[in-house]
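In the numbering used here, the protein residues as written are 70 to 512.
The beta carbon of each residue, even a glycine, is placed where N, CA and C say it ideally should be.
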Ligand SMILES: Nc1nc2c(ncn2[C@@H]2O[C@H](COP(=O)(O)OP(=O)(O)OP(=O)(O)O)[C@@H](O)[C@H]2O)c(=O)[nH]1
Ligand SMILES: [Mg+2]
């Protein structure tokens with residue numbers, strides 16, 4: 070697969086689609102979320118259909134229903150038919166044949182969104198890997214079906230021998246896995262480095278469209294794109310902000326979604342490694358959702374966070390969009406039941422409650438201590454100053470009769486500070502506790 074610069078400038082217009090969901094009577098409808106996903110992929114939705122009764126395994130739908138939808142398709146002329154269900158190759162083939170229109174399932178739809186939005190080479194590799202892993206178990210069947218007659222979605226496969234096609238996929242999968250391992254080793258080395266000396270970090274997480282980026286922009290004064298569709302954010306952005314006059318790092322991340330196929334979960338998780346290392350994980354929730362929607366999304370988020378290794382005690386629930394919430398009480402109760410604590414209530418859009426949020430975060434910060442680094446006036450303090458500028462708060466800088474840098478920082482940074490003073494003749498680090506100043510041994 071070639072990744073040209075031009076690929077970044079992609080039109081999101083994708084055509085017209087009809088949506089179909091087959092579900093049990095007792096399950097909630099997923100058509101509204103499917104519509105949002107289809108729109109995020111650039112489709113305009115012509116019509117939606119659902120079936121909760123008996124289905125014919127050849128079509129996933131009941132046969133009669135499939136035929137009546139086929140008639141409507143003749144009138145509507147959609148470019149695609151999108152199922153909320155996972156379809157077997159034979160079902161996809163039969164439906165494509167009957168509808169004379171390409172049929173895709175929820176997995177392929179999410180892949181389309183990710184493929185269009187993926188910005189980094191790593192994300193592109195992961196998505197290609199997920200696509201090929203999805204194709205592999207059905208590769209032989211797809212080749213066989215393509216030979217029965219070319220249909221949209223099966224184009225081009227008929228020219229392969231099934232075995233040759235399968236081997237090609239397997240080779241590409243091993244190549245992509247190797248490349249991804251290399252990228253991941255590099256990244257984790259960088260992260261370990263940063264982690265050792267890192268500032269306090271906060272991750273913004275939550276279901277897609279909950280308002281994470283809106284809050285991130287509010288806190289950082291950035292202007293990252295905010296969504297009119299799902300999955301506006303696909304990669305992590307980290308910035309420094311001041312909380313209680315301390316510098317901390319905050320990351321905006323990709324949103325979660327229900328029923329995410331396992332193959333895509335892997336692609337998702339690699340962008341979420343920052344979350345597993347964060348000191349505080351803010352779980353942003355959309356309080357304007359209906360209670361069942363709110364509960365479904367909250368459960369998805371909590372199970373996703375648990376499965377990537379986030380401990381429950383680092384999660385802080387945040388109810389966003391309180392300006393648009395008709396009744397917060399049942400939602401408050403649900404948060405208490407699911408997370409075991411009350412949420413901080415905010416409107417990221419108009420700023421309400423954000424000072425409560427930052428003061429809560431301020432209370433979670435580790436205590437800083439004050440130190441003085443003293444050295445002869447002839448010494449060069451530049452490396453210490455550059456580091457302190459990034460990782461600590463410089464309170465005073467005196468240059469005579471000797472150089473004194475007075476700073477506040479997390480005590481665990483002391484080894485790093487010591488390391489920076491190696492080789493400076495006559496340097497000493499003094500720790501100040503209240504009015505007392507005590508000499509630190511240089512080790
Ligand atoms: N009414 C209201 N709408 C909000 C608020 N915060 C965000 N929104 C809207 O919610 C939508 C999604 O906002 P984003 O900030 O893009 O959400 P996100 O969680 O980053 O979404 P993804 O990147 O797709 O995961 C946008 O239309 C925002 O304008 C809020 O406090 N009140
Ligand atoms: Mg976002």
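Under the three-state DSSP convention, the category residue i falls into
i	result
residue 476	strand
residue 418	coil
residue 234	helix
residue 208	helix
residue 389	strand
residue 460	helix
residue 291	coil
residue 359	coil
residue 274	strand
residue 265	Its pLDDT being 49, under 50, residue 265 is placed unreliably in this model, and the value from its coordinates should be taken loosely. Of the three classes helix, strand and coil, the one that applies to residue 265 here is helix, per DSSP.
residue 109	helix
residue 437	coil
residue 84	strand
residue 327	coil
residue 500	strand
residue 481	helix
residue 90	strand
residue 471	coil
residue 344	helix
residue 215	helix
residue 318	strand
residue 64	Residue coverage of the chain in this structure runs from 70 to 512, which leaves residue 64 outside it and unanswerable.
residue 352	strand
residue 307	strand
residue 423	helix
residue 199	helix
residue 412	coil
Cut-off 8 angstroms between Cβ atoms - residues of its own chain near residue i, not counting five sequence neighbours on either side
i	result
residue 189	304
residue 294	282, 301 and 302
residue 287	417, 420 and 423
residue 204	211 and 238
residue 230	212
residue 415	284, 387, 388, 389, 391, 421, 422, 423, 425 and 426
residue 314	462
residue 460	266, 268, 316, 478, 482 and 485
residue 511	Low local confidence applies: a pLDDT of 44 at residue 511 is under 50, so the model's placement there is unreliable, and no value is given.
Outcome for residue i when other beta-carbon atoms lying within 10 angstroms are tallied against a minimum of 16
i	result
residue 478	buried
residue 271	buried
residue 382	exposed
residue 184	buried
residue 134	buried
residue 425	exposed
residue 95	exposed
residue 165	buried
residue 158	buried
residue 444	buried
residue 102	buried
residue 411	exposed
residue 177	buried
residue 343	buried
residue 149	buried
residue 402	exposed
residue 175	buried
residue 358	buried
residue 320	buried
residue 136	exposed
residue 113	exposed
residue 356	buried
residue 154	buried
residue 436	exposed
Neighbourhood of residue i by C-beta, 7 angstroms cutoff - its chain only, sequence neighbours within 5 removed
i	result
residue 201	238, 241 and 242
residue 419	392
residue 433	349
residue 15	The structure shown does not extend to residue 15, since the chain is modelled only from 70 to 512, so the question has no answer here.
residue 245	194, 197 and 198
residue 469	446
Sequence-distant residues of its chain with Cβ nearer than 6 angstroms to residue i (five each side left out)
i	result
residue 265	For residue 265, the predicted model reports a pLDDT of 49, less than 50, meaning its position is unreliable; a value from the coordinates is still stated below. None.
residue 191	252
residue 139	167 and 168
Any C-beta of chain D under 9 angstroms from that of residue i
i	result
residue 393	Protein chains in the displayed structure number just one, and chain D is not present.
Completely contained alpha helix (DSSP H) runs for the segment 115 to 195, where each covers 4 or more residues: DSSP runs (the alpha helix (DSSP H)) wholly in the segment 115 to 195: 132 to 145, 158 to 168 and 175 to 186.
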